[in-house]
Amino acid sequence: MGNCCSDVGGGMTAIGGTAPSTSTSNQNDAADWYFKSHGIHGIFSQIELSFSATSLRDRDVFSKSDPMVVVYIQERDGAFTEVFRTEVVLNSLNPTWITKYTITYQFEIVQILLFRVFDIDTQFHNVEVKMLKLEEQQSLGEASCALSEREESVPSTHSQHQGKLTVHAEECFSSKTTAEMTLKCLNLESKDLFSKSDPFLVISKVVESGMSIPVCKTEVSKNDLNPTWKPVFLNIQQVGSKDSPLVIECFNFNSNGKHDLIGKVQKSLADLEKLHTGREGENLFLPTPVGHDNQNKALKSKLFVEKYSETVQYTFLDYLAAGFELNFMVAIDFTASNGNPRLPDSLHYIDPSGRLNAYQKAIYEVGEVLQFYDADKRFPAWGFGARPIDGPVSHCFNLNGSSNYCEVEGIGGIMMAYTSALFNVSLAGPTLFGHVINRAAMIASQSLANDAKKYFVLLIITDGVITDLQETKDALVKASDLPLSILIVGVGGADFKEMEILDADKGERLESSTGRVASRDIVQFVPFRDVQNGPSVVQELLAELPSQFLAYMRSREIKPCS
């Protein structure tokens, strides 16, 4: 299979199709609305980009390169801004990546894209993709093109002609229907010498050119010839239509990336539904080698559809149009590790020239996006980790200095309260998140009790590692049942690897000290150095927020019209 589906976890975890709330159409709706409200009109549509490469350079000594694609878009000033990263493919010079990038294509604007391919060093294979420092990786080359150059596919070769990157562009058509399937196989062939096979499935769509584009892969079922995989969720948008052909391939996982093809079938979603209804299995087959006239070799191994159902998944925009609001809250780190605010090297230094410090930039850039979804623009704002005048260290104090209310007016109000607080508190410590999370959760809980159409977003801006990790986990697990998401923005050059524990992007939900597991992922962590001006801010912030919002609404069976 050309190693196309390995990831940083060793290729054994599922990629794509793992939850109904992660459909790319949801974040597209949110981005569309934001763009239109900021005057970006004209002829535009959502374009999904898929990536594959051939004949890449081999930069590893004892194995093949482990490539990842990074996408940049050219801004008005000519500079390129990073907007997307694929997963890492292990041990492959001819990779096909599963993770797709969705971009808003504007007819009247020339949109220049830059694609850089990196070989990810082995020591970083267990690091979350967005946390990788690109300067620590080896470049395999780069290519660029205008988005308007796209045909069925856009082949691009970097200047030294040491490999070829192919970018397949396809317009996204919105669909609210999602198919949920539980797939299993029986009597798989054993491909390993001393044990049974370790099978996984790859599901690909077939486009008009005949090319197969991977949509998702299942997890690996270890040492199992009769595996049943976790449910797969496919939005009709992802595959084209219910009658569009899908190729389902079963592979035996090998840690060196050279996965063995056990067998395959080609079926549409409609065909798979019939298999489920008739409780029938479909024999896998192996393709006939090139140059042979014989038919494909049918195998005894069979694919079964244990479960098939279709549901209408309301989009983020459906809820907003029905009157639901996102209410913005902010909490700012005032711990001493930020440095003396009176000194220029402090993250809290207020530059007399008006140049914004890291916290001000984060408040302004992040707040500008989130305030758009807040009707009254009155924002609860807190500080933590500081000692108010003549008082003990507080881990949640009102930023406006009031002892009675915590709200400020607009982003400008947050900026003014922040600046004022710097002159009225002494930076202290330690860095504790639990108090502000519990305060935000209390507000969300009160709103829920009043049956309000509100969902809350708490922005925490911090410069370092928290010291109450378990208490924070407890607070997050408890808050996971509430209409609340938490966006953590890291400023400065600190190592934020611990934040990965809170941001459950790898699928492992947080667990409290009592053993309770979070009902859903409510945290997104973003290093501010990766959040720049322009549409990339929108895409970075909206990457998980709509899906977290929808996961809550669906778990409570709340519909837009209710």
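Positions 1 to 562 (full-length UniProt numbering) are the ones given, in order, by the sequence shown. Glycine included, C-beta positions come from ideal geometry on N, C-alpha and C. Since the model is a prediction, treat every value here as computed from it, not as a measurement.
Per-residue burial, residue i [other beta carbons within 10 Å of its own, 16 or more giving buried]
{"i": "G515", "result": "exposed"}
{"i": "S25", "result": "For S25, the predicted structure reports a pLDDT of 39, less than 50, and the residue's modelled location is therefore unreliable. A value from the coordinates is still provided. Classification for S25: buried."}
{"i": "L134", "result": "exposed"}
{"i": "M553", "result": "buried"}
{"i": "S447", "result": "buried"}
{"i": "T431", "result": "buried"}
{"i": "F115", "result": "buried"}
{"i": "V61", "result": "exposed"}
{"i": "D390", "result": "exposed"}
{"i": "F316", "result": "buried"}
{"i": "C561", "result": "exposed"}
{"i": "E136", "result": "exposed"}
{"i": "N400", "result": "buried"}
{"i": "L193", "result": "exposed"}
{"i": "Y405", "result": "exposed"}
{"i": "I91", "result": "Position check: residue 91 holds Asn in this sequence, whereas Ile was assumed. Its Cβ being crowded by 16 or more others within 10 Å, N91 is buried."}
{"i": "Q162", "result": "exposed"}
{"i": "E508", "result": "exposed"}
{"i": "D345", "result": "exposed"}
{"i": "E280", "result": "exposed"}
{"i": "S485", "result": "buried"}
{"i": "S197", "result": "buried"}
{"i": "P388", "result": "buried"}
{"i": "V537", "result": "Confidence is the limiting factor: at V537 the pLDDT is only 46, short of 50, which leaves the residue's position unreliable, though a coordinate-based value still follows. Label assigned to V537: buried."}
{"i": "D333", "result": "buried"}
{"i": "G385", "result": "buried"}
Short Cβ contact (8 Å threshold) for residue i with residue j
{"i": "R59", "j": "Q138", "result": "yes"}
{"i": "G17", "j": "L234", "result": "yes"}
{"i": "S65", "j": "I213", "result": "no"}
{"i": "F251", "j": "L459", "result": "no"}
{"i": "L427", "j": "V477", "result": "no"}
{"i": "L469", "j": "V305", "result": "no"}
{"i": "I411", "j": "Q360", "result": "no"}
{"i": "L343", "j": "D463", "result": "no"}
{"i": "C216", "j": "I15", "result": "yes"}
{"i": "L93", "j": "L56", "result": "yes"}
{"i": "F397", "j": "G383", "result": "yes"}
{"i": "K307", "j": "P231", "result": "yes"}
{"i": "L356", "j": "Y349", "result": "no"}
{"i": "residue 569", "j": "P380", "result": "Nothing about residue 569 can be read from this structure; the chain reaches only from 1 to 562."}
{"i": "L299", "j": "I248", "result": "no"}
{"i": "L165", "j": "V117", "result": "yes"}
{"i": "A331", "j": "V436", "result": "yes"}
{"i": "G429", "j": "S309", "result": "no"}
{"i": "P227", "j": "L140", "result": "no"}
{"i": "residue 570", "j": "V70", "result": "The shown model of the chain, from 1 to 562, leaves out residue 570, and the question about it has no answer."}
{"i": "P341", "j": "L422", "result": "yes"}
{"i": "L188", "j": "L132", "result": "no"}
Candidates the options: closest to residue i by CA position
{"i": "V220", "options": "A428, A441, T13, I501", "result": "T13"}
{"i": "S301", "options": "L186, T467, D495, Y308", "result": "L186"}
{"i": "W229", "options": "E87, K196, E180", "result": "E180"}
{"i": "W97", "options": "I103, F84, Y105", "result": "F84"}
{"i": "Y418", "options": "V239, A362, S144", "result": "A362"}
{"i": "E557", "options": "Y314, P388, Y405, Q524", "result": "Y314"}
{"i": "T122", "options": "Y72, E82, S63", "result": "S63"}
{"i": "C172", "options": "T102, L201, K164, S255", "result": "T102"}
{"i": "A270", "options": "R279, E249, D243", "result": "D243"}
{"i": "Q524", "options": "S512, A551, V489", "result": "V489"}
{"i": "Q548", "options": "E498, S513, L487, E208", "result": "L487"}
{"i": "E498", "options": "I466, P392, G385, L140", "result": "I466"}
{"i": "A551", "options": "Y319, D224, A336", "result": "Y319"}
{"i": "E208", "options": "P227, N226, E189, H168", "result": "H168"}
{"i": "I501", "options": "T81, E87, E128, F456", "result": "E128"}
{"i": "S204", "options": "V369, T81, S513, P245", "result": "P245"}
{"i": "F253", "options": "K267, E282, V202", "result": "V202"}
Residue(s) in a DSSP beta bridge with residue i
{"i": "Y101", "result": "L49"}
{"i": "V369", "result": "Note: V369 sits in no beta bridge, so no partner."}
{"i": "N327", "result": "F456"}
{"i": "E310", "result": "A179"}
{"i": "S394", "result": "A386"}
{"i": "I350", "result": "I350 pairs with nothing; no bridge assigned."}
{"i": "A362", "result": "DSSP, once it has assigned bridges, lists no residue as partnering A362."}
{"i": "F549", "result": "Answer is none; F549 lacks a bridge partner."}
{"i": "residue 604", "result": "Nothing about residue 604 can be read from this structure; the chain reaches only from 1 to 562."}
{"i": "V526", "result": "V489"}
_Entirely enclosed beta strand (DSSP E) segments - the UniProt domain "C2" (161-285), minimum 3 residues_ = 164-171, 177-186, 199-206, 212-217, 232-235, 246-252, 260-267
*Along the chain, which unbroken stretches of the alpha helix (DSSP H) at least 4 residues long are found entirely within the region 417-486?*
434-449, 469-479
*Inside the region 488-520 only - alpha helix (DSSP H) runs reaching at least 4 residues*: 499-502
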